[in-house]
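In our numbering, the protein residues as written are 206 to 617.
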């Protein structure tokens with residue numbers, strides 16, 4: 206099954222849920238949308254719960270899991286979300302704990318559906334020798350979210366505009382966290398002696414790209430993205446603003462201008478160190494999109510080059526936008542098909558990359574080589590020059606990152 210056919214297949218055989226395609230704190234997101242996930246009606250029980258995961262809606266869980274504490278959660282639980290008589294969950298009322306529980310389950314199940322399609326196999330949990338299923342906890346008293354050994358749990362916070370943010374209702378955050386679980390399963394976990402800072406930076410990049418590709422499987426997101434940008438995807442938009450917390454605040458920006466030299470003197474968090482690698486992969490995605498547009502005569506080389514340069518200071522972004530406005534006029538469907546084709550190539554490229562990586566002594570250079578090898582298999586090397594240029598511009602392989610500035614450790 207191709208990724209483009211995935212939605213049709215899920216609608217034919219799957220179970221219905223209501224989810225927000227982006228954080229509901231955004232003005233453009235007013236109502237949840239109907240989606241379908243792969244387990245058929247009747248296969249998902251109260252919780253929701255299926256053979257791979259279950260929701261445990263904890264009552265007043267005051268702190269996140271921390272080793273050696275692990276699932277299952279043994280405290281009191283809110284009443285579970287239950288299916289209707291036909292086995293669907295789209296009857297649940299927005300604002301209830303049951304809706305929040307179902308939302309968290311549905312987003313994570315949907316992201317798994319997307320990535321199992323690209324990977325070509327069912328994802329086996331990295332913890333499956335200890336736990337049979339992934340535990341999902343929608344709301345704890347914590348201003349963060351995390352994916353750990355056998356669980357994902359999400360908290361609650363206030364954004365800069367004073368709005369309340371439930372992370373269990375934020376698609377990007379949920380997709381990012383299940384992205385970590387996917388990478389643990391597909392790439393693995395290093396030993397303490399073989400763990401590198403770049404492995405953890407790669408984890409953050411891979412989780413962000415998991416979310417970016419998955420959100421493009423909402424037709425409403427694709428429509429809104431193109432209507433807002435007219436194909437100028439380096440401008441700030443709901444795709445490259447990863448994990449939006451408000452209209453003006455997000456966790457990271459994929460269309461960044463970070464190079465490895467920015468971190469030569471050191472870095473504070475793996476999220477920071479990940480930015481050159483995230484930027485390189487986002488650049489590859491944009492190049493794929495632009496090459497599709499160029500092949501169809503929808504833009505010219507000059508416009509593509511101007512778009513690449515727009516992440517640097519001093520660019521006349523107004524002129525660039527007017528050029529995209531002109532190219533996009535009356536060509537919405539053509540731009541949309543070019544974008545979806547780029548999405549699916551990127552998804553297949555990343556899936557092929559992850560299967561070629563070892564978690565031990567991993568570097569961003571290793572990731573670059575794996576991307577090139579995956580492209581060789583997928584397209585017989587059509588995009589080798591462009592991929593290499595993206596990694597080169599980000600100084601990956603040319604500049605080594607400095608030390609971590611701080612004492613926090615993943616193994617402490």
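The beta carbon of each residue, even a glycine, is placed where N, CA and C say it ideally should be. Bear in mind the structure is a predicted one, so any value in this text is a computation, not a measurement.
(message) Quick check: what's the CA-CA separation for residue 428 versus residue 606?
(response) 39 Å
(request) Drop a sphere of 10 angstroms on the beta-carbon of residue 363, count the other beta-carbons inside from all chains shown, and report buried for 16 or more, exposed for fewer. (result) exposed
(request) Would you mind reading off the limits of the alpha helix (DSSP H) that contains residue 316? (result) 302 to 324
(message) Whole angstroms are fine: how far does the CA of residue 494 sit from the CA of residue 270?
(response) 41 Å
(request) Since I believe residue 313 is in contact with residue 234 (beta carbons under 8 Å), could you give me their beta-carbon distance rounded to a whole number of angstroms? (result) Rounded, the Cβ-Cβ distance is 19 Å, inconsistent with contact.
(request) Could you please give the first and the last residue of the uninterrupted beta strand (DSSP E) stretch that includes residue 259? (result) 258 to 260
(message) Quick check: does the Cβ of residue 356 come within less than 7 Å of any heavy atom belonging to the ligand ADP?
(response) Absent from the structure shown: the ligand ADP. Ligands present: none.
(message) I need the boundaries of the alpha helix (DSSP H) containing residue 404, first residue and last residue.
(response) 402 to 420
(request) Put residue 677 into one of helix, strand or coil per three-state DSSP. (result) Coverage of the chain is limited to positions 206 through 617, which leaves residue 677 absent and any answer about it impossible.
(request) Take the Cβ of residue 224 as the centre, count every other Cβ of all protein chains shown within 10 Å, and call the residue buried at 16 or more, exposed below. (result) Under the 10 Å beta carbon count, residue 224 is surrounded by 16 or more other beta carbons and is classified as buried.
(request) Leaving aside the five residues before and after residue 252 along the sequence, list all residues of the same chain whose C-beta is less than 6 Å from its C-beta, in chain order. (result) 259, 260 and 285
(request) Assign residue 482 to one of three DSSP states: helix, strand, or coil. (result) helix
(request) Please say whether residue 482 and residue 410 have beta carbons closer to each other than 8 Å? (result) yes
(message) For the segment 564 to 573 against the segment 382 to 399, do three or more pairs of beta-carbon atoms, one drawn from each stretch, fall closer than 8 Å, so that the two count as touching?
(response) yes
(message) If you follow the alpha helix (DSSP H) that residue 557 is in, where does it begin and where does it stop?
(response) 537 to 559
(request) For the beta strand (DSSP E) containing residue 238, list its first residue and its last residue. (result) 238 to 242
(message) DSSP three-state label for residue 597, please.
(response) helix
(message) DSSP has residue 356 in a bridge; who is on the other side?
(response) 340 and 353
(request) Report all residues from its chain with a CB closer than 6 Å to the CB of residue 432; omit the five preceding and five following residues, and keep chain order. (result) none
(request) Can you give me the Cβ contacts of residue 303 inside the same chain, cut-off strictly under 6 Å, excluding the 5 residues immediately before and after it? (result) 286 and 297
(message) So the candidates are 555, 594 and 440; which of them puts its Cα closest to the Cα of residue 575?
(response) 555
(message) Please report the distance separating the alpha-carbon of residue 600 from that of residue 585.
(response) 25 Å
(request) In the DSSP assignment, find the alpha helix (DSSP H) that holds residue 583 and state where it starts and stops. (result) 569 to 584
(request) Kindly list the residues whose CB is nearer than 6 Å to the CB of residue 602, restricted to its own chain and excluding five residues on each side of it in sequence; keep chain order. (result) 570
(message) Determine whether the beta carbon atoms of residue 254 and residue 316 lie at a separation below 8 Å.
(response) no
(request) Work out the CA separation of residue 472 and residue 503 for me, nearest whole Å. (result) 41 Å
(message) Check this for me: beta carbons of residue 418 and residue 551, under 8 Å apart or not?
(response) yes
(request) Measure from the alpha carbon of residue 639 to the alpha carbon of each residue in 216, 211 and 521, then state which is nearest. (result) Examination of residue 639 is not possible in this model, given that the chain is present from 206 through 617 alone.
(request) Just tell me which of 277, 519, 351 and 236 has its CA closest to the CA of residue 425. (result) 236
(request) Specify, as a first and last residue, the run of the alpha helix (DSSP H) that residue 379 falls within. (result) Here the alpha helix (DSSP H) through residue 379 covers 376 to 391.
(message) By the three-class DSSP mapping on this structure, what secondary structure does residue 361 have?
(response) strand
(request) Take the Cβ of residue 470 as the centre, count every other Cβ of all protein chains shown within 10 Å, and call the residue buried at 16 or more, exposed below. (result) exposed
(request) Kindly identify the DSSP beta-bridge partner or partners of residue 221. (result) 241
(message) With H, G and I counted as helix, E and B as strand and the rest as coil, what does DSSP make of residue 446?
(response) strand
(request) Grab me the residues of residue 526's own chain with a C-beta within less than 8 Å of its C-beta, minus the 5 sequence neighbours each way, in chain order. (result) 435, 437 and 440
(message) Are the CB atoms of residue 557 and residue 583 within a distance shorter than 8 Å?
(response) yes
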